[in-house]
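**Q** One structure, as structure tokens, below. Some questions next.
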Amino acid sequence: MACLAEDIGSGDITTEAVIPRGARGDAVILAKEDIVVAGLPVAEKVFKAVDRNIKFESMVKDGAYIKNRGQIARISGRLSKILTAERIALNFLQKLSGISTVTRQFVLKIKGLGVKLLDTRKTTPSLRALEKYAVEVGGGYNHRFGLFDGILIKDNHIDAVGGISEAIDRARKKGPVGMEIEVEVRNLREIEEALASDTDTIMLDNMSIPDIRKGVRMIDKRVRVEVSGGVNIRNVAAIARTGVDFISVGSITHSARAVDISMEIEKKEL
Numbered sequence: 001m002a003c004l005a006e007d008i009g010s011g012d013i014t015t016e017a018v019i020p021r022g023a024r025g026d027a028v029i030l031a032k033e034d035i036v037v038a039g040l041p042v043a044e045k046v047f048k049a050v051d052r053n054i055k056f057e058s059m060v061k062d063g064a065y066i067k068n069r070g071q072i073a074r075i076s077g078r079l080s081k082i083l084t085a086e087r088i089a090l091n092f093l094q095k096l097s098g099i100s101t102v103t104r105q106f107v108l109k110i111k112g113l114g115v116k117l118l119d120t121r122k123t124t125p126s127l128r129a130l131e132k133y134a135v136e137v138g139g140g141y142n143h144r145f146g147l148f149d150g151i152l153i154k155d156n157h158i159d160a161v162g163g164i165s166e167a168i169d170r171a172r173k174k175g176p177v178g179m180e181i182e183v184e185v186r187n188l189r190e191i192e193e194a195l196a197s198d199t200d201t202i203m204l205d206n207m208s209i210p211d212i213r214k215g216v217r218m219i220d221k222r223v224r225v226e227v228s229g230g231v232n233i234r235n236v237a238a239i240a241r242t243g244v245d246f247i248s249v250g251s252i253t254h255s256a257r258a259v260d261i262s263m264e265i266e267k268k269e270l
């Protein structure tokens, strides 16, 4: 694991100096606030990568809502190895649980309104698969994984070729056969141009709620409607009530706060 190589380097000099080689111990991983847990399989892999003989027991499953001081997992084995793996395992748990927790908050705000909450490509480099997994754990849905699995024509594509119609026409002619096309629009005029073209989904980008309502009426269910930009926990329900199909939120990955999780040694045999 590159993450362990980065952290351990030539050796855990503090643990090697302080902890007797044969010492064994038990530890518990605790939530220090109310959270939605995500990343338990990753944390287990970290401990097992340091010492395959470490015993890792999950006390809950990913997706569980757990209260402050709730037990997330128990670990037993060589104390030095548990301590060496601790930080990286907790880093993954804190980051992924932060994403799943904030995603669940958004999902609960739009519950029953017939709208799906989507993530974006605004993820930590090299951690996209894990962060999108955490979104699913929190109850959200994955948008396209990368540039290779969906056609999304954005404002810079449109500006580069001179218009929405031209961009969509090029995508239909040169893109993968049968792949759906989504196009980003910035105002009501661009909605009209998108509707006159062969698109499957229209993304309303950074529009006010009154303009979103107007846009939904203009589109009139002829294509799917996604809203992106300017979405937050305070306005997401109001946006969902406009009649859109999807709401994409970049902040659930790029700005999710790492939640407070810690590991405590419960028993030791030095």
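One point on numbering: in our numbering, the residue at position 2 of the sequence shown is 2, and numbering is uninterrupted. Where a beta carbon is used, it is the ideal one built from N, C-alpha and C, also for glycine.
1) Between which two residues does the beta strand (DSSP E) holding residue 201 run?
2) What are the boundary residues of the beta strand (DSSP E) that includes residue 153?
3) Where DSSP assigns a beta bridge to residue 73, which residues make up the other side?
4) In the structure shown, what three-state DSSP assignment does residue 227 receive?
5) Tell me whether residue 179 is buried or exposed, calling it buried when 16 or more other Cβ atoms sit within 10 Å of its Cβ.
6) Where does residue 5 land, buried or exposed, given buried means 16+ other C-beta within 10 angstroms?
7) For the beta strand (DSSP E) that residue 266 lies in, which residues bound it at each end?
8) One question on the structure: do residue 197 and residue 219 come within less than 8 angstroms of each other, judged by their Cβ atoms?
9) Closest to residue 35 by CA distance: which of 71, 26, 42 is it?
10) Whose CA, out of 37, 258, 14, 186, lies closest to the CA of residue 67?
11) Pull up the DSSP beta-bridge partners for residue 272, would you.
12) Taking only three categories from DSSP, how would you classify residue 193?
13) Would you kindly check if the distance between the Cβ of residue 195 and the Cβ of residue 222 is under 8 angstroms?
14) Let me know the secondary structure DSSP gives residue 213 once reduced to three states.
15) Where residue 40 and residue 199 are concerned, what is the direct C-alpha to C-alpha distance, given to the nearest angstrom?
16) Please say whether residue 246 and residue 116 have beta carbons closer to each other than 8 angstroms?
17) Could you say which of 64, 136, 21 lies nearest to residue 84 if we only look at CA atoms?
18) State the Cα-Cα distance for the pair residue 2 and residue 250, rounded to the nearest angstrom.
19) Using the rule of at least 16 other Cβ atoms within 10 Å of the residue's Cβ for burial, across every protein chain shown, is residue 77 buried or exposed?
20) Which residue wins for smallest C-alpha separation from residue 224, given the options 29, 100, 181?
21) Which residues in the same chain as residue 150 place their Cβ atom closer than 6 angstroms to its Cβ, once the five residues preceding and following it in sequence are excluded?
22) Rounded to the nearest angstrom, how far is the Cβ of residue 89 from that of residue 43, given a contact under 8 angstroms?
23) Buried or exposed: which applies to residue 93, given that a residue is buried once 16 or more other Cβ atoms fall within 10 Å of its Cβ?
24) In terms of DSSP beta bridges, what is residue 170 paired with?
25) For residue 57, is the classification buried or exposed, using 16 other Cβ atoms within 10 angstroms of its Cβ as the cut-off for buried?
**A** So, from the listed chains and residues:
1) 201-205
2) 151-153
3) 29, 58
4) strand
5) exposed
6) exposed
7) 261-269
8) no
9) 71
10) 37
11) The requested residue 272 is not part of the displayed model; the chain covers only 1 to 270.
12) helix
13) yes
14) helix
15) 40 angstroms
16) yes
17) 21
18) 26 angstroms
19) buried
20) 181
21) 144
22) 4 angstroms
23) buried
24) Bridge partners of residue 170: none, in fact.
25) exposed
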